Every structure is written in C-alpha cells, then in structure tokens.
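Each residue of the sequence shown is one higher than the last, beginning at 85 in our numbering.
Report on the structure given below.
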Amino acid sequence: MKLTIRAKLFLSHFFAIMFVSGSIGSYFYGSAIENLENSLKSRLRNSAALLSKSFDTKELDLIQNEQNKSLPEYEKNLQLIISYASSNDDIAFIYIMRLRDGLVEFVLDSDQVNPARPGEIYKQNIPELIEGFASVSVDSSITTDRWGSFMSGYAPIGGGAAQYLIGLDMKADDVSNKLQDLKTKGLLSLLMSLILAYACCYYLSRNFVYRIRRLHDQCGDLIHADPKDVSVKGDEIDDLSDVFSVMLESFQKNQEILEAKVTERTEEVNKANRNLMIEVKARKQMMEQLRDLARTDYLTTLINRREMTNILRSVCIDYKVHPKPFVVTLMDIDDFKNINDCYGNGVGDEVLLSLCKRLSAMLDTKEVLARWGGEELLFLMNDATLTDAALRAEALRKTIEGMEFSVDNNIVSITASFGLAEYEVERGLDATIKEAGLALYRAKRLGKNRVSIEDS
C-alpha cells in the first residue's frame with residue numbers, strides 16, 4: 085500500500101515524538117521508582133538508627149529465654165517497642181535480636197498476636213540482617229518469613245556483652261501500594277503524551293504538506309516553462325530528492341574522511357588515557373604508603389604518637405555523649421639505655437620490636453597500644469576504671485618481668501614501669517596524659533618495675 089506524503093509525515097513525526105517522550109518518560113519513571121525505593125529504605129535505615137539509641141544492652145543481657153519474661157526489664161523494653169510500632173502506621177513490627185555463637189535469636193518482639201519468644205532462633209538467612217549487627221542496613225528486596233512479607237531496616241545496639249540489633253518491618257503491601265500508585269500516574273502521563281503527540285503531528289503534517297504542494301506546483305510551472313531542464317519521476321518528494329543527490333554524495337565523502345580522522349584521534353586519546361590511568365594508579369599507591377607512614381611507627385609498626393592523639397581526642401568527644409570511663413597508661417622500659425650500652429642499639433631495637441609484638445598479641449578489643457616516644461608506650465584502656473586499669477597494668481608488668489628475649493645469642497630480660505591516670509572532663513586530655521607521666525615518674529623514683537596511679 086502506497087502512503088501519501090501527509091500520512092508519511094504524520095506517522096514519522098508521531099513515532100519520533102513518541103520515541104523521545106517515551107524515552108524521557110521511561111527515564112523519569114525509572115528514576116521515580118528508584119527514588120521511592122531509596123526513600124523507603126532511607127526511612128527504615130534512619131528510624132532504626134534513631135530507635136537503637138533508646139535501649140540499654142545491659143538490660144537486654146538479662147533477657148535470655150522465656151523464664152525472663154517476668155523481669156521488669158523485659159516488660160519495660162517490650163512496652164517501649166510496642167509503643168514505637170503503634171505510633172507509626174507504616175511499621176508492622178519492631179523487634180530486638182541478639183547474635184550469639186553465630187546464631188541469631190530474638191530478645192523482644194512487638195507482635196502482639198504471634199510474637200517470637202525470647203531466645204527463639206531466627207532461621208532465615210538474610211545477609212542485610214547479619215550486617216545490621218555491625219552497621220545500619222536495610223533489605224535490598226522484600227523478604228518473607230512466617231510473619232509475612234516485609235522490607236526491613238536494621239541498626240546495631242552497642243555496648244553490651246553480646247551483639248544486638250533493632251529491626252523494623254514495613255509491610256510488603258504498603259511498599260507495593262506506593263509503587264502501584266506511581267505506576268498509575270505513569271500510565272496517565274503516557275496517555276496524555278499520546279493525545280498531545282497526535283494533535284501536534286496532525287498540525288505539523290498538514291502544514292508541511294501544504295508547503296510541499298506549493299513547491300511541487302512551482303516545479304510544475306518550471307516544467308511548462310522549460311521541460312528539458314527538469315526530470316519528474318515518482319511523487320513530490322521523489323521530484324525534490326533529485327535536487328539534493330549531488331549534495332548527498334559530497335556529504336558522504338566528507339563524512340568518510342571525517343570518520344577516518346576521528347578514528348585516528350580517538351586512538352591517540354585512548355593511548356593517552358591508558359598512560360594517565362597507569363600514572364594515577366601509581367600515585368594512589370604512593371599516597372596510601374605515605375598515609376600509612378604518617379600514622380605508624382617505622383620500627384615497631386605500632387600506631388605513632390600523632391595517630392594515638394587523634395584516637396584519644398575522638399574518644400574524648402564520644403565521652404561527652406556516652407560517658408564511659410577510660411584510662412591513659414604510660415609504660416616505660418626500665419634501664420633500656422643499659423641494653424643499648426651493653427649490647428648495642430641493634431639489640432635494643434630488636435628487644436623493643438619483639439616486646440611490642442608480644443604486647444600487641446595480648447591486647448583485648450577495648451585496648452589500643454601506641455609508641456609514644458623512645459622506649460615509652462601508651463595504652464588506651466577503654467571502658468575501664470582506674471582500679472580495673474591498675475590490675476591490668478600489674479598483670480602486664482608481671483608478664484614483662486618474666487619475658488626473655490634471645491637476640492644474637494644474647495638472652496635479655498627487662499622490666500617496665502607503669503603510670504596511670506583516668507580521664508576526667510574537668511581537667512581535659514592533656515592534663516590526663518601529664519598526670520599519667522607524673523605517675524610513671526613516681527614509679528621510677530620509687531624503685532622501678534612497678535605500677536603507679538595518679539596522685540588523687
């Protein structure tokens with residue numbers, strides 16, 4: 085079937101407009117869907133992070149099984165999560181879980197119809213849930229268990245004897261309804277685009293055909309004036325297309341030349357980009373090495389004084405929000421100069437390096453060790469009172485006293501003195517470190533190989 089010029093113009097413009105508007109609409113529709121999902125996930129993530137600060141892990145540690153339901157801590161925290169869940173219509177359930185021995189178990193559940201029992205093992209394997217014990221996370225997709233289908237957000241609850249998290253479940257139906265509402269609006273927008281595209285193309289095709297017919301009539305007048313100069317074949321568009329044949333042929337030749345030049349230049353650019361990527365990678369590696377050198381001690385590989393100072397300042401900032409006691413402990417090897425004088429600096433370095441490795445292996449998760457200067461080391465003992473830290477320092481002192489170091493066929497024994505000071509906001513970090521130094525000096529003055537606490 086042969087189409088008229090008007091039909092050809094109408095259909096070509098209509099499909100062109102629909103293609104462009106459809107592409108743009110698809111892009112914005114996809115973006116809207118993605119933004120909605122991200123908004124829901126962000127809401128779950130932020131809500132979980134906010135609620136996680138409302139619970140005390142010491143109270144949660146008391147809730148181990150169903151026998152603990154009679155505890156006031158159980159009733160208090162249960163009513164708290166129930167009130168949180170009932171105050172938000174989008175949230176189906178709120179629950180608290182514990183990670184112990186690789187298994188996830190319930191502690192509290194806001195479900196008042198079919199609640200999980202304290203100590204009940206949760207058998208679903210959800211990677212985002214496991215991640216939630218360490219950091220705030222949210223399900224990547226809707227998950228299903230015996231309570232239904234949900235999208236959930238998780239946040240860790242820190243500070244207890246075990247790992248805890250709080251989870252918030254949003255009903256899958258609520259998520260689907262929001263997505264369906266967005267799809268309905270998208271379909272209405274598409275229908276409106278079809279109507280506007282039809283009206284626009286109708287007007288354009290009518291206007292274009294009018295001009296083509298006028299040009300065709302002028303060509304007809306030219307044929308009557310001098311028929312030998314014009315060769316007419318096919319419809320109006322075919323008649324006009326002959327006029328541009330030579331120009332099209334010339335354009336194609338120029339395009340081939342241009343493409344050849346573009347290919348040549350593209351290869352040059354790709355080569356330059358490859359060289360640039362190699363240089364960027366080398367510089368990144370160099371920056372990482374410089375960053376490590378800036379924060380670690382070159383001999384002992386412990387963090388250096390600058391990095392420990394940054395850590396101490398950070399702990400002091402956290403102390404204002406969550407005041408947990410911590411103690412600064414300075415340790416100095418007794419008579420270390422005698423080792424260097426008797427055996428040489430190389431032996432002294434080997435003894436210091438070996439001691440640091442042994443001490444690092446003895447640290448628990450709440451302790452940080454740094455080389456403070458020379459043979460002086462600094463321990464940061466988190467979540468420890470002055471009494472706790474003194475007992476820990478005495479244990480370390482006895483261990484060091486019993487150590488032997490074999491270096492170049494030489495057996496070397498050492499002792500160490502310790503000075504301790506507990507951080508107090510009123511006197512600040514610098515004064516606390518100074519007080520620990522004075523305590524260390526006191527230990528040296530009283531005979532060395534001993535632990536001395538701040539002068540209270």
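We treat Cβ as the ideally placed atom computed from N, Cα and C, and that holds for glycine.
What you are looking at is a predicted structure, and each value in this text was computed from that prediction instead of being measured.
Thr413 and Ala477 have their C-alpha atoms roughly 8 Å apart. With 16 or more neighbouring CB atoms inside 10 Å of its own CB, Val535 falls in the buried class. Distance between Ile362 and Ser490, taken at the CA atoms: about 45 Å.
Membership of Ala239 in the beta strand (DSSP E) is indicated by the continuous run Gly232 to Ile241. Going by beta carbons, Glu451 and Leu436 fall outside the 8 Å limit. Here the C-alpha atom of Gln369 lies approximately 11 Å from the C-alpha atom of Asp376. Residue pairing by DSSP places Ala200 opposite no residue, since no beta bridge is assigned to it. For Glu434, the three-state secondary structure derived from DSSP is helix. If you look at Leu187, you'll find it in the beta strand (DSSP E) that goes Leu187 to Asp193. Arg367 counts as exposed, since fewer than 16 other C-beta atoms from the protein chains shown sit within 10 angstroms of its C-beta. The Cβ atoms of Leu164 and Glu157 lie no closer than 8 Å to each other. Boundaries of the beta strand (DSSP E) around Lys255: Gln247 to Lys255. The residue among Lys207, Cys285 and Glu488 with its C-alpha nearest the C-alpha of Met102 is Cys285.
Leu414 is bridged by DSSP to Leu462 and Gly503. Here Val509 carries a coil assignment [DSSP, helix/strand/coil]. Judged by pairs of C-beta atoms under 8 Å, the region 208-221 does not touch the region 191-199, as fewer than three such pairs exist.
In the three-state DSSP reduction, Arg389 falls in the helix class (H, G or I).
Rounded to the nearest whole angstrom, the CA to CA distance from Met371 to Asp265 is 50 Å.
Secondary structure note for Asp472: its alpha helix (DSSP H) is the uninterrupted segment Leu470 to Glu485. Under DSSP, Met181 forms a beta bridge with Phe190 and Leu249. Taking 8 Å as the upper bound for CB-CB distance, Thr227 and Gln247 are not in contact here, some 20 Å apart.
The C-beta of Phe99 has fewer than 16 other C-beta atoms within 10 Å across all chains shown, which makes the residue exposed. Of all C-beta pairs linking the region 120-129 to the region 232-244, three or more are shorter than 8 Å, placing the two stretches in contact. With a cut-off of 8 Å on Cβ pairs, the region 519-538 is in contact with the region 489-506, counting three or more such pairs. By the neighbour-count definition (other C-beta atoms within 10 Å, threshold 16), Glu189 is a buried residue.
For Asn494, the enclosing beta strand (DSSP E) covers residues Asn494 to Val496.
Taking 8 Å as the cut-off, the Cβ atoms of Thr393 and Leu386 do not count as close. The region 464-475 makes contact with the region 409-427, as at least three CB pairs between them are under 8 Å.
The Cβ neighbour count for Ser154, taken over all protein chains shown within 10 Å, is under 16; the residue is labelled exposed. Between Arg358 and Ala344, the alpha-carbon positions lie close to 21 Å from each other. DSSP places Asp145 in the uninterrupted alpha helix (DSSP H) bounded by Thr141 to Asp145. By the neighbour-count criterion, in which 16 or more other beta carbons inside 10 Å mark a residue as buried, Glu506 falls on the buried side. By the CB criterion at 8 Å, Asn161 and Phe139 fall inside the cutoff. Measuring C-alpha to C-alpha distances from Gly270 to each of Glu204, Asn424, Lys337 and Tyr111 identifies Tyr111 as the nearest. For Thr380, the three-state secondary structure derived from DSSP is strand. In the DSSP assignment, Ile214 falls within the alpha helix (DSSP H) that extends over Pro211 to Glu215.
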